[in-house]
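Please read the structure below before turning to the comments.
Protein chains: 2
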Amino acid sequence: MSRNLAVSPARIAADIDALAAITDPNRPWTRRAFSPLFLEGRAYLENAFRAAGLETRIDAAGNLVGARKGRTPGIGTIMLGSHSDTVPDGGRFDGVAGVVVALEVARGLEEAGIELEHDLEVTDFLAEEVSIFGVSCIGSRGMAGVRPDEWLGRKADSMTLAEGIRDVGGDPDAEQKARDDIRAFLELHIEQGPVLEGETLDIGVVTAIAGITRVEIIVEGRADHAGTTPMNRRADALAAAAHAVLAVETLSSALAATPGHFAATTGEFEMWPNAANVVPSRVRMLLDIRSEHRDDLGDFLTSLEAVLEGIARDNGVSIAPPRLVSDNPAMPMDDLVMDALDAACQTTGAGHRRMASGAGHDAAFMARIARAGMVFIPCRDGRSHAPEEFAENADIALGAEVLLQAVKRLDTQLMEQ
Amino acid sequence: MSRNLAVSPARIAADIDALAAITDPNRPWTRRAFSPLFLEGRAYLENAFRAAGLETRIDAAGNLVGARKGRTPGIGTIMLGSHSDTVPDGGRFDGVAGVVVALEVARGLEEAGIELEHDLEVTDFLAEEVSIFGVSCIGSRGMAGVRPDEWLGRKADSMTLAEGIRDVGGDPDAEQKARDDIRAFLELHIEQGPVLEGETLDIGVVTAIAGITRVEIIVEGRADHAGTTPMNRRADALAAAAHAVLAVETLSSALAATPGHFAATTGEFEMWPNAANVVPSRVRMLLDIRSEHRDDLGDFLTSLEAVLEGIARDNGVSIAPPRLVSDNPAMPMDDLVMDALDAACQTTGAGHRRMASGAGHDAAFMARIARAGMVFIPCRDGRSHAPEEFAENADIALGAEVLLQAVKRLDTQLMEQ
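For the record, the sequence lines run as chains S and F.
Under our numbering, the residue at position 65 of the first sequence is numbered 69, and the numbers go up by one with no gaps.
Under our numbering, the residue at position 198 of the second sequence is numbered 202, and the numbers go up by one with no gaps.
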């Protein structure tokens with residue numbers, strides 16, 4: 005399928021390949037935030053931003069921003085962006101595709117001689133992935149004014165986060181202020197799931213970034229000699245935990261079959277004493293629960309607690325009520341932006357659907373201070389955070405074209421708001 | 005209940021208390037084989053053996069042996085014994101009760117002026133528990149001539165097992181020879197299970213030491229993003245493994261309800277990548293299977309393999325056939341010895357039953373070279389290998405009396421064989 009695009013697939017491919025080459029050679033593709041390789045990637049991007057006619061700066065939060073003035077001063081900014089840092093042994097597209105596409109939209113507009121009413125900014129957010137400091141979305145939290153102050157004292161590799169932000173060119177000492185001039189924010193990202201590929205669609209217009217809730221379950225049984233304790237005299241914490249794992253799966257699958265994204269995973273599972281000849285005495289489970297609708301989360305936790313009581317009773321173990329470790333509610337995307345993205349898909353002929361994002365993104369923080377929206381593009385087998393992560397360049401380019409068309413539409417619509 | 009015993013409960017209590025005092029004070033009760041504390045315990049026992057009129061020696065395998073000549077030279081030995089080493093944070097009775105009781109039988113015979121036809125030997129076997137060298141029953145294996153030669157090169161705490169055996173007074177360089185003069189071997193041990201206590205019985209006459217089979221199961225699923233991968237598109241290794249854990253429990257419980265000891269435990273369980281936001285990709289389970297009857301083991305493994313095939317199919321994961329890691333078949337005890345022990349229980353008025361041992365013991369190796377038997381005495385809540393391990397002194401003393409009576413009976417019966 006050949007389309008008449010305002011963006012250049014070849015330039016997108018060249019940028020993605022150039023950034024892929026900036027990696028720890030022994031662990032492709034690794035370019036973690038705050039590392040020398042990260043700064044090398046940033047230098048590449050800064051040059052590319054400038055070559056596209058953008059005026060570059062590092063903001064106080066450590067984000068690389070490239071700006072293009074609009075025709076009407078003072079009416080605010082339309083921002084596009086994502087992140088260029090990777091997880092260890094990560095992929096070439098997670099984050100990078102969104103930054104390169106944002107840049108390509110600016111180049112495409114410039115080449116087509118299109119002046120926007122609004123200022124346009126292209127942003128590479130600092131440290132979207134969980135960084136060496138153990139926290140994520142450092143740059144977008146900072147831009148939204150919600151980066152916890154105590155994070156600045158966090159230490160890793162014998163430096164503090166404050167020093168890390170200073171090293172990339174930010175100003176950790178500046179008073180943190182939420183940007184209030186951003187009228188719309190758009191981010192392209194690989195789906196990191198199998199839905200678009202499975203349905204042979206080009207674009208997912210994101211409806212919300214699902215909430216992430218972490219819940220801990222502790223099962224306490226009794227350590228007994230595995231050889232001498234009769235089967236019917238045991239309080240086996242592992243057997244009880246196995247019932248709990250299956251209950252999590254069953255309850256979650258039922259909610260996943262109703263409208264709105266829902267998924268629950270027992271991602272961490274540890275057992276004690278973990279010795280061949282001892283009946284397991286204790287299990288710790290950590291659940292990762294993603295919910296688009298808050299009611300689903302409530303239903304899940306209520307049902308789970310009741311089921312766990314029955315499991316404890318039936319297995320002669322004790323299970324405390326699930327303990328909430330962290331809870332970040334879902335962040336809905338903006339209706340005007342979603343409509344603009346749908347319309348852009350129509351214009352470009354992209355097969356599209358609406359869908360929630362199960363993963364967290366910088367857009368979740370930008371949604372606190374701006375009308376925000378995201379588009380997903382397909383990725384192979386839904387794989388990400390792994391070297392085999394892959395997205396077709398044609399799919400990325402089509403996503404860029406959708407963003408460009410959406411930006412043009414929003415530039416007009418926001419004038420009327 | 006006061007009984008007219010040939011043995012002295014007070015002497016037994018004094019010996020057990022004296023050995024309990026020889027412990028790492030910060031981790032009662034810890035007296036691991038090859039440690040200075042172990043040698044201190046051995047010194048106590050050697051003195052006590054001598055005070056009882058026994059001639060002491062350390063054999064080539066590192067066992068402490070106290071001997072009393074019988075009336076008829078050359079007809080062989082009746083041996084009693086167990087072990088004085090403990091696990092870390094172990095108890096005061098596991099092994100120790102058997103050594104002290106063996107000594108007390110010798111003292112009781114001496115005091116009563118009873119001369120046996122056979123030589124009598126009292127043995128403290130070296131390192132019955134899993135030692136710093138990672139292996140167990142080192143002394144009884146050596147006496148039975150089945151201690152693998154390559155074990156001598158095993159290293160721990162910067163010494164080899166050969167050096168460890170030399171340090172306790174053994175001779176690792178001597179050619180290993182199975183003793184061929186032992187006509188009967190008897191061992192008293194705490195049950196390490198809840199059966200006798202539950203049935204308010206004094207003595208368990210052991211029918212067999214259950215086989216110990218270790219089987220590894222590997223479940224291979226697929227690591228996926230926990231937020232973005234729909235519930236129905238996962239190959240969750242943990243969910244599949246949970247089904248496997250429950251299948252092990254169900255199959256094992258069914259076999260436990262049939263005649264003959266059977267128990268299977270998922271004692272080790274590890275999961276990868278064990279990260280909150282990643283669908284589990286791999287689980288390793290290690291099963292500990294104890295079986296008195298070989299057929300039960302076969303039935304279990306056959307049924308398990310079929311069930312695992314179904315689990316793999318239903319959950320979209322792969323599960324290789326269970327891999328046999330180690331397999332030590334059950335060791336039956338000797339009929340003549342069991343009958344003598346039953347009769348001794350009758351004589352002393354001890355409430356008794358026959359039962360298999362789910363745990364391994366030195367008697368399993370002695371059974372290779374002699375008619376062997378064991379008696380169990382009750383222990384509180386079935387607990388062992390823990391500081392709270394406890395046995396009533398009256399129960400230990402009654403066990404000693406049963407052994408003494410059985411020795412007298414066997415001394416006569418073996419002359420007629």
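The beta-carbon is built from N, C-alpha and C at its ideal position, and this holds for glycine as well.
Checklist entry - Is the CB-CB distance between F/Gly-95 and F/Ser-285 below 7 Å? => result Taking the first residue of the second sequence as 1, we reach residue 95 of chain F at position 91. Taking the first residue of the second sequence as 1, we reach residue 285 of chain F at position 281. Cβ atoms of F/Gly-95 and F/Ser-285: not closer than 7 Å.
Checklist entry - Which residue comes first and which comes last in the beta strand (DSSP E) that contains F/Thr-4? => result There is no way to answer for residue 4 of chain F, as the model of chain F reaches only from 5 to 421.
Checklist entry - Are the Cβ atoms of S/Leu-301 and S/Ser-295 separated by less than 7 Å? => result For the purposes of this step, residue 301 of chain S is identified with residue 297 of the first sequence, where counting begins at 1. For the purposes of this step, residue 295 of chain S is identified with residue 291 of the first sequence, where counting begins at 1. Yes, the pair counts as a contact, with Cβ atoms nearer than the cut-off.
Next on the checklist: Taking a contact to mean a Cβ-Cβ separation below 7 Å, would you say F/Leu-68 touches F/Asp-21 in this structure?
Outcome noted: Taking the second sequence and counting its residues from 1, one reaches residue 68 of chain F at position 64. Taking the second sequence and counting its residues from 1, one reaches residue 21 of chain F at position 17. No, the Cβ-Cβ distance between F/Leu-68 and F/Asp-21 is not below 7 Å.
Checklist entry - Among the residues of its own chain, which have a CB less than 6 Å from the CB of S/Arg-358, if the five just before and after it don't count? => result Here residue 358 of chain S is taken as the residue at index 354 of the first sequence, counted from 1. Contacts found: Val-209, Thr-211.
Item to check | F/Met-5 versus F/Glu-132 - alpha carbon distance | outcome: On the second sequence, position 1 is the one that residue 5 of chain F refers to. On the second sequence, position 128 is the one that residue 132 of chain F refers to. Unreliable positioning characterises F/Met-5 in this predicted model, as indicated by a pLDDT of 43, which lies under 50. The coordinate reading is nonetheless provided below. Between F/Met-5 and F/Glu-132, the C-alpha separation is close to 34 Å.
Checklist entry - For F/Gln-196, which residues from the same chain have a beta carbon less than 6 Å from its beta carbon, with the 5 sequence-adjacent residues on both sides left out? => result The residue you call residue 196 of chain F lines up with position 192 of the second sequence. For F/Gln-196, where only same-chain residues beyond five positions count, the Cβ hits under 6 Å are Ala-363, Ser-388.
Checklist entry - Which bits of chain S does F/Val-482 rub up against, with CB to CB less than 7 Å? => result Any property of residue 482 of chain F remains undetermined from this structure, which presents chain F solely from 5 to 421.
Item to check | Whole-angstrom C-beta distance between S/Leu-58 and S/Val-126, which should lie under 8 Å | outcome: Your numbering for residue 126 of chain S matches position 122 in the first sequence. Your numbering for residue 58 of chain S matches position 54 in the first sequence. Right, the Cβ-Cβ distance comes to about 6 Å (below 8 Å), so this counts as a contact.
Next on the checklist: To be precise: take each residue of the stretch 175-209 of chain F, compare its Cβ to all Cβ atoms of chain S, and keep it if any distance is under 9 Å. Which residues remain?
Outcome noted: Residues of the stretch 175-209 of chain F whose Cβ lies closer than 9 Å to any Cβ of chain S, in chain order: Glu-195, Gln-196, Gly-197, Pro-198, Val-199, Gly-202.
Item to check | For S/Gln-421, three-class secondary structure by DSSP | outcome: For the purposes of this step, residue 421 of chain S is identified with residue 417 of the first sequence, where counting begins at 1. Reduced to three states, the DSSP call for S/Gln-421 is coil.
Checklist entry - F/Gly-168 lies in the beta strand (DSSP E); which residues open and close that run? => result Residue mapping note: residue 168 of chain F aligns to position 164 of the second sequence, counting from 1. First-last for F/Gly-168: 165-171, but that is the alpha helix (DSSP H), not the beta strand (DSSP E).
Next on the checklist: Considering just the uninterrupted stretch of the alpha helix (DSSP H) at S/Thr-90, what are its terminal residues?
Outcome noted: As a position in the first sequence, residue 90 of chain S is number 86, starting the count at 1. S/Thr-90 -> no alpha helix (DSSP H), and no H or E assigned at all.
Next on the checklist: Counting only C-beta atoms, is F/Asn-281 closer than 7 Å to chain S at any point?
Outcome noted: Start at 1 with the first residue of the second sequence, and residue 281 of chain F comes out as number 277. Yes - at least one Cβ of chain S is within 7 Å of the one on F/Asn-281.
Checklist entry - Near S/Met-335, which residues of its chain fall below 7 Å by C-beta distance, leaving aside the five closest residues on each side in sequence? => result Taking the first residue of the first sequence as position 1, residue 335 of chain S is located at position 331. Within the same chain, Cβ atoms closer than 7 Å to the Cβ of S/Met-335 are found at Ala-212, Ile-213, Ala-368, Ala-371, the five residues on either side in sequence being excluded.
Item to check | 7 Å Cβ cutoff, S/Asp-292 in contact with chain F | outcome: As a first step, residue 292 of chain S is located in the first sequence; it is residue number 288 there, counting from the start. Cβ-Cβ to chain F under 7 Å: yes for S/Asp-292.
Checklist entry - With a Cβ-Cβ cutoff of 7 Å, do S/Ile-26 and S/Glu-44 count as a contact? => result Within the first sequence, residue 26 of chain S is the residue found at index 22, counting from 1. Within the first sequence, residue 44 of chain S is the residue found at index 40, counting from 1. Here S/Ile-26 is near S/Glu-44, since their CB atoms are less than 7 Å apart.
Next on the checklist: Within a Cβ cutoff of 6 Å, which residues of the same chain sit near S/Arg-288, ignoring the five residues on either side of it in sequence?
Outcome noted: Taking the first sequence and counting its residues from 1, the one referred to as residue 288 of chain S is at position 284. Counting only Cβ-Cβ distances below 6 Å, and skipping sequence neighbours, we find Ile-222, Glu-274.
Checklist entry - Apart from the five residues just before and just after S/Phe-42, which ones in its own chain have a Cβ nearer than 7 Å to its Cβ? => result Taking the first sequence and counting its residues from 1, the one referred to as residue 42 of chain S is at position 38. Arg-35, Arg-36, Asp-89, listed in sequence order.
Item to check | CB contact below 7 Å: S/Glu-253 versus chain F | outcome: Reading the first sequence from its first residue, position 249 is the one you call residue 253 of chain S. So, interface residue.
Next on the checklist: Taking a contact to mean a Cβ-Cβ separation below 7 Å, would you say F/Val-406 touches F/Ala-354 in this structure?
Outcome noted: As a first step, residue 406 of chain F is located in the second sequence; it is residue number 402 there, counting from the start. As a first step, residue 354 of chain F is located in the second sequence; it is residue number 350 there, counting from the start. Cβ atoms of F/Val-406 and F/Ala-354: closer than 7 Å.
Next on the checklist: Could you check whether the Cβ of S/Met-289 sits closer than 7 Å to any Cβ belonging to chain F?
Outcome noted: Here residue 289 of chain S refers to the residue found at position 285 when the first sequence is read from its first residue. Answer no: the Cβ-Cβ gap between S/Met-289 and chain F never drops below 7 Å.
Checklist entry - S/Ala-22 lies in the alpha helix (DSSP H); which residues open and close that run? => result Counting from 1 along the first sequence, the entry for residue 22 of chain S is found at position 18. It spans 13-25 - the alpha helix (DSSP H) in which S/Ala-22 sits, taken as one unbroken run.
Checklist entry - So which residues of chain S does F/Met-275 contact, with C-beta pairs closer than 7 Å? => result Taking the first residue of the second sequence as 1, we reach residue 275 of chain F at position 271. Those within 7 Å of F/Met-275 in chain S are Phe-273.
Checklist entry - Does any C-beta atom of chain S lie closer than 7 Å to the C-beta of F/Ser-6? => result Stepping through the second sequence from its first residue, residue 6 of chain F is reached at position 2. Since pLDDT at F/Ser-6 reaches only 47, below the 50 mark, its modelled position is unreliable, and the value read off the structure follows with that caveat. So no, F/Ser-6 is outside the interface.
Checklist entry - Taking Cβ-Cβ distances below 8 Å as the criterion, which residues of the stretch 211-239 of chain S are in contact with chain F? => result Ala-214, Ile-216, Arg-218, Ala-227, Asp-228, His-229, Ala-230, Gly-231, Thr-232, Thr-233, Pro-234, Met-235, Asn-236, Arg-237
Next on the checklist: Considering just the uninterrupted stretch of the alpha helix (DSSP H) at S/Ser-257, what are its terminal residues?
Outcome noted: Here residue 257 of chain S corresponds to residue number 253 of the first sequence, with the count starting at 1. 241-260 is the extent of the alpha helix (DSSP H) around S/Ser-257.
Checklist entry - Is the stretch 65-83 of chain F in contact with the stretch 114-126 of chain F, if contact means three or more CB pairs nearer than 8 Å? => result yes
Checklist entry - chain F partners of S/Asn-278, CB-CB under 8 Å? => result On the first sequence, position 274 is the one that residue 278 of chain S refers to. Within 8 Å Cβ-Cβ: Gly-271, Glu-272, Phe-273, Glu-274.
Next on the checklist: Using the three-state DSSP reduction, which class does S/Gly-202 fall into: helix, strand or coil?
Outcome noted: Reading the first sequence from its first residue, position 198 is the one you call residue 202 of chain S. Three-state DSSP puts S/Gly-202 in a helix.
Item to check | 8 Å Cβ shell around S/Gly-231 - same chain, five flanking residues per side excluded | outcome: Taking the first residue of the first sequence as 1, we reach residue 231 of chain S at position 227. These residues qualify, in order along the chain: Asn-281.
Checklist entry - Just curious, the beta strand (DSSP E) that S/Asn-332 is in, first and last residue? => result As a working note, residue 332 of chain S is residue 328 in the first sequence. 327-332 is the span of the beta strand (DSSP E), which, as asked, contains S/Asn-332.
Checklist entry - Would you call the stretch 138-150 of chain F and the stretch 179-188 of chain F touching, i.e. three or more CB-CB distances under 8 Å? => result yes
Item to check | Rounded distance between the beta-carbons of S/Met-342 and S/Gly-386, thought under 8 Å | outcome: Within the first sequence, numbered from 1, the residue matching residue 386 of chain S stands at position 382. Within the first sequence, numbered from 1, the residue matching residue 342 of chain S stands at position 338. So it is not a contact: roughly 23 Å between Cβ atoms.
Next on the checklist: Counting C-beta neighbours from all protein chains within 10 Å, is the total for F/Pro-13 16 or more, i.e. buried, or is it exposed?
Outcome noted: Residue mapping note: residue 13 of chain F aligns to position 9 of the second sequence, counting from 1. With 16 or more other Cβ atoms within 10 Å, it is buried.
Next on the checklist: With a threshold of 7 Å between beta carbons, is F/Gly-362 in contact with chain S?
Outcome noted: Reading the second sequence from its first residue, position 358 is the one you call residue 362 of chain F. For F/Gly-362, the answer is yes, since a Cβ of chain S falls inside 7 Å of its Cβ.
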